[in-house]
Amino acid sequence: MNRAVAIAIAIPLTFYMSPYAAISFLIGLSKGTAAGSAVSAILLNTPGESSSAATCLDGYPMARDGRPRTALKIGLLASVIGDLLATLLLIAVAIPFASVALKFGPYELAAILIFALVFIAGMAGGSFLKGMAAGGLGIVLGTVGMDPETGAMRLTFGYMELMEGVPILPLVIGTLALSEMFVQLDEYRRNKGQSAINLTENQNDDLKWSEFKTTLPTIFKGTAIGAFVGALPGLGPSVGSFMSYGAAKRSAKNPDTFGKGDPRGIAASESADNAVIPASYIPLFGLGIPGSVSAALLVGAFMIHGITVGPLMLREQPEMLFSLFSGMIVASLLMLAIGWYGLRIFAKITNIPSHIVIPIVIFLCLAGIQVQGYGTFGLLVVFGFSILGFFLKKFDYSFVTFLVAFIVTPMLELNLRQSIILSGSDVGILLDRPIAAFFVVLTIILLVRFAWTGIQQRKKSLPNAD
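All residue numbers for the sequence shown refer to full-length UniProt numbering, where the first residue is 1 and numbers rise by one.
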């Protein structure tokens with residue numbers, strides 16, 4: 001269950017609470033869900049939500065190497081540190097950010113989203129061209145459904161279920177979770193019944209300070225990236241976690257260890273993922289603009305309790321703001337305590353044999369689709385994308401880039417169209433929009449750099465002519 005669904009289900013429970021308790025409860029739920037989604041990502045390679053997909057890349061290999069508890073501790077500490085630092089940032093800059101955020105229009109958001117796609121395509125996989133191809137496929141699928149401007153149907157093939165686009169939950173579960181189970185089934189068959197999911201703990205499965213110390217720079221960098229992404233309305237935690245992972249891999253002296261159980265990969269993903277949540281409240285409290293889906297749900301909760309979110313709340317109801325900030329800090333500390341002492345219970349799942357784990361995970365994947373009300377069509381979508389995910393992994397295409405491109409495409413299309421209409425298709429408008437122009441130039445530089453790096457790698461892989 002992702003954080004947005006959890007908040008939506010919990011909002012009716014807050015009707016009879018005081019406004020202070022109700023909003024603090026929902027914010028604590030959002031924080032706990034974000035940190036908890038890493039547990040299944042590390043232990044089963046099945047992220048609780050799409051933003052934890054990057055955690056699978058190194059968390060699951062580390063767990064398979066017999067260090068599930070270490071991976072969980074790194075993920076928990078990175079989550080708490082990222083969350084706490086971003087909360088302190090929110091307290092410090094909520095009001096000053098209002099004047100800066102007013103400058104972000106469709107030009108800036110479109111430029112930032114394009115930059116994010118190119119950045120992730122270049123850093124998520126081994127091949128930039130394969131990353132761009134996977135991203136292109138994600139963009140195509142992201143345009144399925146009703147055209148927001150003309151109302152015309154696009155790529156629906158007559159299926160009314162696709163009017164609102166390809167449902168994201170079946171896509172994520174199929175591409176990440178179910179496809180991995182098919183991979184494990186194939187390994188189980190090849191190993192003739194021996195366990196393919198070998199998560200047996202060993203004596204060295206304990207986080208040492210020397211090991212955690214090496215992840216601290218990555219955690220601080222991931223927190224900064226997550227806070228930046230969260231403060232920009234609409235980008236969301238998925239973009240933040242994947243950008244942080246890519247930045248950590250690119251700046252590492254030994255990037256080849258990423259994807260093989262590197263603790264810095266877990267730290268980068270989880271710190272950014274959890275930093276996005278408090279940072280997304282900066283435009284919410286400063287301007288009344290939700291920076292994420294969970295923040296948008298909080299606006300509804302505020303309205304239920306007769307509170308108008310925005311700059312006036314900061315002046316007229318400072319007690320509410322103090323209560324919120326205090327609740328967020330307490331939630332971070334409770335998340336650390338509950339998570340730390342619950343690790344022994346969470347890690348017990350690693351002792352379950354693969355021939356039991358695989359059917360259970362498949363059942364939970366399919367049951368989750370049915371519970372969400374997708375019906376038979378949802379099951380077909382899950383199986384279709386599980387096959388796609390299987391081949392993406394088999395041929396080393398970046399399913400990370402594919403997933404992020406799919407998620408951000410609707411917002412990219414909307415802002416790009418608005419930019420074209422407002423500018424009259426005049427590219428010269430960027431001269432009057434320095435922030436948008438900066439990201440456009442940065443995107444071009446990245447394209448040139450990634451393309452040049454790809455050419456050099458291709459030359460090195462070719463046999464030398466004698």
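Glycine included, each C-beta is placed from N, C-alpha and C at the ideal position.
Buried versus exposed call for residue i [16 or more other C-beta atoms within 10 Å across all chains shown]
i: glutamine 184; result: buried
i: serine 425; result: exposed
i: isoleucine 197; result: Bear in mind that a pLDDT of 46 at isoleucine 197, under 50, signals an unreliable position, so the number given afterwards is only what the model happens to contain. Under this definition isoleucine 197 is a buried residue.
i: lysine 31; result: buried
i: methionine 313; result: buried
i: residue 469; result: Since the first and last residues shown for the chain are 1 and 466, residue 469 lies out of range.
i: aspartate 186; result: exposed
i: phenylalanine 15; result: exposed
i: aspartate 256; result: exposed
i: leucine 199; result: Because leucine 199 carries a pLDDT of 48, less than 50, the predicted location of this residue cannot be relied on, and the following value inherits that uncertainty. So leucine 199 ends up on the buried side.
i: lysine 249; result: buried
i: methionine 303; result: exposed
i: phenylalanine 322; result: exposed
i: aspartate 262; result: buried
i: serine 18; result: exposed
i: alanine 121; result: buried
i: arginine 449; result: exposed
i: arginine 264; result: buried
i: glycine 428; result: exposed
i: isoleucine 7; result: buried
i: isoleucine 445; result: exposed
i: serine 419; result: buried
i: methionine 320; result: buried
i: leucine 388; result: buried
i: valine 441; result: exposed
i: leucine 13; result: exposed
i: threonine 215; result: buried
Residue from the options whose Cα sits closest to the Cα of residue i
i: alanine 92; options: Val299, Met335, Pro283, Leu334; result: Pro283
i: arginine 433; options: Ile421, Gly105, Met163; result: Gly105
i: leucine 88; options: Ser280, Ile362, Ser238, Leu366; result: Ser280
i: glutamate 49; options: Lys73, Pro61, Gly28, Gly174; result: Gly174
i: isoleucine 219; options: Glu149, Ala272, Met411, Pro170; result: Ala272
i: glycine 342; options: Leu26, Tyr397, Gly222, Lys73; result: Lys73
i: leucine 162; options: Ser419, Val381, Gly339, Phe450; result: Val381
i: glycine 306; options: Ala22, Gly59, Ala10; result: Ala22
i: residue 490; options: Leu109, Thr156, Ala35, Asp186; result: A query on residue 490 cannot be resolved here, the shown segment of the chain reaching from 1 to 466 and no further.
i: threonine 33; options: Pro237, Leu364, Phe406, Leu446; result: Pro237
i: glutamate 211; options: Tyr159, Ser37, Gly158, Ala267; result: Ala267
i: isoleucine 139; options: Arg264, Phe128, Val166; result: Val166
i: isoleucine 168; options: Leu414, Leu422, Ile407; result: Ile407
i: glycine 131; options: Val118, Pro359, Ile358; result: Val118
i: isoleucine 356; options: Phe25, Ser37, Leu44; result: Leu44
i: leucine 90; options: Ile329, Ile360, Thr308; result: Ile329
i: valine 80; options: Met335, Arg190, Met153; result: Met335
i: lysine 260; options: Ile27, Gly59, Tyr20; result: Gly59
i: leucine 57; options: Arg154, Phe128, Ala177; result: Ala177
i: asparagine 274; options: Tyr20, Ser37, Met160; result: Ser37
i: alanine 451; options: Val39, Tyr20, Leu129, Leu26; result: Leu129
i: aspartate 147; options: Leu414, Leu422, Ala436, Ile421; result: Leu414
Within 8 Å, strictly: CB atoms of residue i and residue j
i: threonine 399; j: leucine 392; result: Per the sequence shown, residue 399 should be read as phenylalanine rather than threonine. Yes. Within cutoff.
i: aspartate 83; j: serine 332; result: yes
i: serine 52; j: serine 179; result: no
i: glycine 135; j: phenylalanine 402; result: yes
i: proline 68; j: isoleucine 369; result: no
i: valine 404; j: phenylalanine 242; result: yes
i: valine 239; j: alanine 116; result: yes
i: phenylalanine 285; j: alanine 94; result: yes
i: glycine 339; j: alanine 35; result: yes
i: glycine 230; j: serine 244; result: no
i: glutamate 270; j: threonine 55; result: yes
i: isoleucine 362; j: methionine 181; result: yes
i: alanine 41; j: leucine 29; result: no
i: leucine 113; j: leucine 447; result: no
i: lysine 221; j: alanine 247; result: yes
i: arginine 417; j: glutamate 149; result: yes
i: serine 24; j: leucine 324; result: yes
i: alanine 436; j: tyrosine 188; result: no
i: threonine 156; j: glycine 142; result: no
Identified DSSP bridge partners for residue i
i: methionine 153; result: Met146
Worksheet item: Going along the chain, which unbroken runs of the beta strand (DSSP E) with 3 or more residues stay wholly within the region 351-421?
Response: none
Item to complete: Taking only runs that begin and end inside the region 60-90, name each unbroken beta strand (DSSP E) of 3 or more residues, in chain order.
Response: Correct list: empty.
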